[in-house]
Structures are given as structure tokens and as C-alpha cells.
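J.: Encoded as C-alpha cells, here's the structure I'll be asking about.
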Amino acid sequence: MKSRIILNRERTAKAQEISIPIHGKGGGELGIKAVTGLVGGLIETLKDCGTCQEVQSVFDAICGYNACCIRCEFIDEKGADELMELVSMLAGQEMARCKNSCGKGTE
371 MKSRIILNRE
381 RTAKAQEISI
391 PIHGKGGGEL
401 GIKAVTGLVG
411 GLIETLKDCG
421 TCQEVQSVFD
431 AICGYNACCI
441 RCEFIDEKGA
451 DELMELVSML
461 AGQEMARCKN
471 SCGKGTE
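Residue numbering for the sequence shown follows the numbering used here, starting at 371 and increasing by one per position.
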């Protein structure tokens with residue numbers, strides 16, 4: 371996993387860019403499209419979730435697609451572990467956001 375902090379004019383953090391290299395035996399270009407399309411597409415939907423249950427459902431789907439991509443050798447174990455580490459952090463942040471905006475009754 372590679373991480374890069376993007377600074378603004380005041381030299382404070384504006385954004386953080388995280389990239390995970392995708393290495394696998396199977397599929398070549400198709401494998402990369404599978405991982406980025408299936409898993410990457412679902413990661414983007416996390417921020418649109420309105421409830422904790424929706425976040426959990428998207429997280430579960432990402433886990434399933436990630437496992438499938440490992441079995442098809444589209445991504446290796448190390449890359450998959452790094453990917454899930456990032457997804458876990460993002461899902462945790464989105465869970466906290468949903469709890470704060472919806473109240474504890476919608477968990």
C-alpha cells in the first residue's frame with residue numbers, strides 16, 4: 371500500500387491518496403478490471419450509505435468480491451489484505467458518520 375499526502379498552499383494536509391498495487395496470476399487486464407470494477411466500485415458506494423446496515427451490507431459485498439478475486443487469482447493475498455485493511459478503515463468511518471447523523475436507534 372502506498373500513501374501520499376497532498377498539501378494545500380498553506381502546507382497543511384488537503385487530502386490523502388492511497389494506492390494498492392494489484393498483482394495476480396490470472397486474467398491480466400481482465401483481472402485488474404475485475405478488482406477495480408467490482409471492489410473499487412463498491413468502495414465508492416460506501417460514502418452514499420445512509421444507515422449502518424447499508425454500510426455493513428456494502429462491506430460484506432466487498433469481502434465477497436475480494437474473496438472471489440483471490441480465488442480467481444486476480445489479486446494476490448498481500449494485495450487483498452492491504453485492500454481489506456483500507457476498506458475496514460473506510461467502513462469504520464462511514465459507520466461513525468451514519469451513527470452520528472442518524473442517531474443510535476438506526477444501528
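Just so it is clear, CB atoms sit at the ideal spot from N, CA and C, and this is done for glycine as well.
(1) Between the region 422–438 and the region 454–472, do three or more beta carbon pairs fall short of 8 Å?
(2) Give me the residue from VAL405, GLU380, MET465 with the minimum Cα distance to GLY434.
(3) Enumerate, from N- to C-terminal direction, the unbroken alpha helix (DSSP H) stretches of 4 or more residues contained entirely within the region 405–454.
(4) Quick check: what's the CA-CA separation for THR421 versus LEU412?
(5) Do GLU455 and VAL425 have their C-beta atoms within less than 8 Å of each other?
(6) Go ahead and label CYS472 buried or exposed: buried means 16 or more other beta carbons lie within 10 angstroms of its beta carbon, across all protein chains shown.
(7) Between ALA466, CYS439, ASP451, ASP446, which lies nearest to LYS407 when the distance is taken from Cα to Cα?
T.: Put simply:
(1) Touching, yes.
(2) It is VAL405 whose Cα lies nearest to the Cα of GLY434.
(3) Taking only runs of at least 4 residues, the alpha helix (DSSP H) segments lying wholly in the region 405–454 are 411–415, 422–441.
(4) Those two C-alpha atoms are separated by around 16 Å.
(5) It is not a contact, given that the beta carbons lie outside the stated cut-off.
(6) Per the 10 Å Cβ criterion, exposed.
(7) This sequence places Gly at residue 407; Lys is not what is there. Residue CYS439 is the option with its Cα nearest to GLY407.
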